[in-house]
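The block underneath contains the structure these notes are about, expressed in structure tokens.
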Amino acid sequence: MKLAYQHKLSLKPVAPFNFNATVHKPSHFPAPVEYYEQGRYLFSLRLRSQIIGVEMINRGSTEKPAIDLALYAKSSLKPADLSDIRQAVTGRFDLESDLSEFYNGFAKDKILAPISKKYRGARAASSGSLYEFLIITILLQNTVVKRTVQMMDNLLQKYGTQIEFAGKKIYVIWPPEKMTEVSEQDLRDLKLGYRAKTIKRMSEDFIGKPIQEDKLRKLGRDDCKKELLKIYGVGKQSVWYLLFEHFHHYDAFETVSPWEQKIYSRLLFGKDIVSPEKILKEVDKRWGQYKMLASHLIFEDIFWQRKQGKALPWLEKEIRL
DNA sequence: CATCAGGGCCCTG
DNA sequence: CAGGGCCCTGAT
0 MKLAYQHKLS LKPVAPFNFN ATVHKPSHFP APVEYYEQGR YLFSLRLRSQ
50 IIGVEMINRG STEKPAIDLA LYAKSSLKPA DLSDIRQAVT GRFDLESDLS
100 EFYNGFAKDK ILAPISKKYR GARAASSGSL YEFLIITILL QNTVVKRTVQ
150 MMDNLLQKYG TQIEFAGKKI YVIWPPEKMT EVSEQDLRDL KLGYRAKTIK
200 RMSEDFIGKP IQEDKLRKLG RDDCKKELLK IYGVGKQSVW YLLFEHFHHY
250 DAFETVSPWE QKIYSRLLFG KDIVSPEKIL KEVDKRWGQY KMLASHLIFE
300 DIFWQRKQGK ALPWLEKEIR L
């Protein structure tokens with residue numbers, strides 16, 4: 000499906016703002032629902048029944064941020080659509096948070112200071128909808144990245160829609176209702192295993208009396224967490240991915256999975272393995288209410304380095320792409 | 001060839 | 001609140 004250029008919007012994020020380190024997270028597994036290059040990011044969006052291709056272009060600097068959004072769709076966009084898109088993008092990329100206190104602080108922190116300077120203005124972001132994020136967290140469960148990638152590709156090819164805009168082809172995820180027409184066996188045939196059931200049940204939670212993403216955004220961290228844990232397939236590991244990346248609670252760091260444990264052990268203590276309790280205590284002591292944002296930056300930094308070709312053999316062992 | 005753990009979660013006892 | 005079961009795949 001080819002989408003035609005319809006409209007341009009201009010956004011002004013709150014400074015300091017780092018475009019590249021916000022829109023692109025090199026530690027994330029690659030899914031064909033987005034495209035990134037320096038200064039430019041494409042992703043797909045469903046708005047009511049419309050499919051929108053969004054192209055974000057960096058037009059500013061860290062201290063004077065500006066983003067242009069070029070919007071692509073089949074038919075023209077109404078003022079209400081534009082206002083919804085503006086709101087969605089602002090929310091998903093957390094453009095209105097003032098992080099100057101964080102980025103101006105911690106100057107004496109040996110680990111954080113150089114990284115905080117390097118990525119000044121970066122924030123947590125998740126370009127997809129809550130539903131899309133939940134699909135990803137389910138596919139991450141109890142498996143290795145390679146298989147997650149395969150499951151996601153299988154699902155998008157079968158149930159997603161391929162769109163072409165701004166010179167690129169990416170997918171847009173299916174609407175949750177789609178999964179009601181699909182049997183558990185259909186999903187198992189895509190090598191999803193027992194996740195088939197989880198995806199079906201989770202999708203149903205978005206229909207009828209749907210989960211309200213906007214309402215969840217307004218809740219405090221603990222209330223938001225409580226609501227998210229009610230969703231079938233969301234447990235203690237997925238919930239803080241959601242709280243941080245999707246809902247931007249910058250202190251949401253309460254569990255460490257085994258692979259992350261190894262990486263944080265190395266980055267914080269220079270050791271192969273340190274207990275999760277010790278890691279959590281350390282980040283809390285160092286960074287308090289910003290402990291997840293700070294940890295996220297040092298975590299992403301090694302993946303940026305890897306992307307730029309730096310050899311990190313100990314890391315390769317942990318990611319198994 | 002077989003066994004098993006892996007970016008967890010649900011359910012049961 | 002601990003522990004078993006769950007799908008599939010690549011590593012051993």
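Position one of the first sequence corresponds to residue 0 (numbering that gives the first Met the number 0), numbered consecutively onward. Note that the Cβ used here is the ideal one computed from N, Cα and C, for glycine as well.
Measuring alpha carbon to alpha carbon, tell me which of the options ends up nearest residue i.
i	options	result
residue 293	98, 135, 42 and 54	98
residue 321	211, 69, 110 and 230	Lying outside 0 to 320, the shown extent of the chain, residue 321 is not represented and no answer is given.
residue 113	302, 297 and 303	297
residue 14	266, 103 and 262	103
residue 314	279, 185 and 266	266
residue 159	175, 225, 147 and 167	175
residue 23	41, 11, 7 and 12	41
residue 72	116, 119 and 1	1
residue 311	286, 188 and 262	262
residue 108	203, 287, 186 and 157	287
residue 20	211, 280 and 244	244
residue 130	200, 83, 111 and 106	200
residue 36	49, 55, 202 and 46	55
residue 143	63, 256, 50 and 214	256
residue 295	169, 240 and 46	240
residue 67	49, 148, 47 and 38	38
residue 18	50, 119, 48 and 111	119
residue 149	57, 188, 222 and 116	188
residue 110	268, 33, 308 and 218	268
residue 46	63, 100, 87 and 25	87
residue 212	48, 128 and 100	128
residue 205	184, 177 and 183	177
residue 237	183, 116 and 135	135
Buried or exposed: where does residue i fall if 16 or more other Cβ atoms within 10 Å of its Cβ makes it buried?
i	result
residue 155	buried
residue 141	exposed
residue 224	buried
residue 12	buried
residue 179	exposed
residue 3	exposed
residue 323	Because the chain is modelled from 0 through 320, residue 323 falls outside the range shown and cannot be assessed.
residue 274	exposed
residue 169	buried
residue 106	exposed
residue 48	exposed
Rounded to the nearest angstrom, how far is the Cβ of residue i from that of residue j, given a contact under 8 Å?
i	j	result
residue 65	residue 9	7 Å
residue 270	residue 282	Wrong, their Cβ atoms sit about 15 Å apart, outside the cutoff.
residue 125	residue 91	6 Å
residue 165	residue 59	That belief does not hold up - the Cβ atoms of residue 165 and residue 59 are roughly 20 Å apart, past 8 Å.
residue 123	residue 6	Residue 123 to residue 6, Cβ: 27 Å. No contact.
residue 242	residue 220	6 Å
residue 137	residue 232	5 Å
residue 162	residue 43	6 Å
residue 89	residue 16	Not quite, the Cβ-Cβ distance comes to about 12 Å (not below 8 Å), so this is no contact.
residue 186	residue 198	6 Å
### Task
Evaluate the contact criterion for the segment 74-89 versus the segment 189-202: three or more CB pairs, one atom per stretch, below 8 Å.
no
Which runs of the beta strand (DSSP E) at least 3 residues long sit entirely within the segment 20-88? Give them in chain order.
33-36, 39-46, 49-57 and 66-72
* To do: Could you say if the segment 22-36 and the segment 94-110 meet the contact criterion of at least three C-beta pairs nearer than 8 Å?
  => no
Are the segment 234-254 and the segment 303-311 touching, with three or more C-beta to C-beta distances below 8 Å?
no
Could you tell me which whole alpha helix (DSSP H) segments of length 4 or greater appear in the segment 145-232?
183-187, 194-203, 212-217 and 220-228
Problem - Runs of alpha helix (DSSP H) wholly within the segment 234-297 (minimum 4 residues, chain order) - result: 235-240, 257-263 and 275-286
Which ranges does the alpha helix (DSSP H) cover as unbroken runs of at least 4 residues, wholly within the segment 85-124, from first to last along the chain?
99-103 and 111-117
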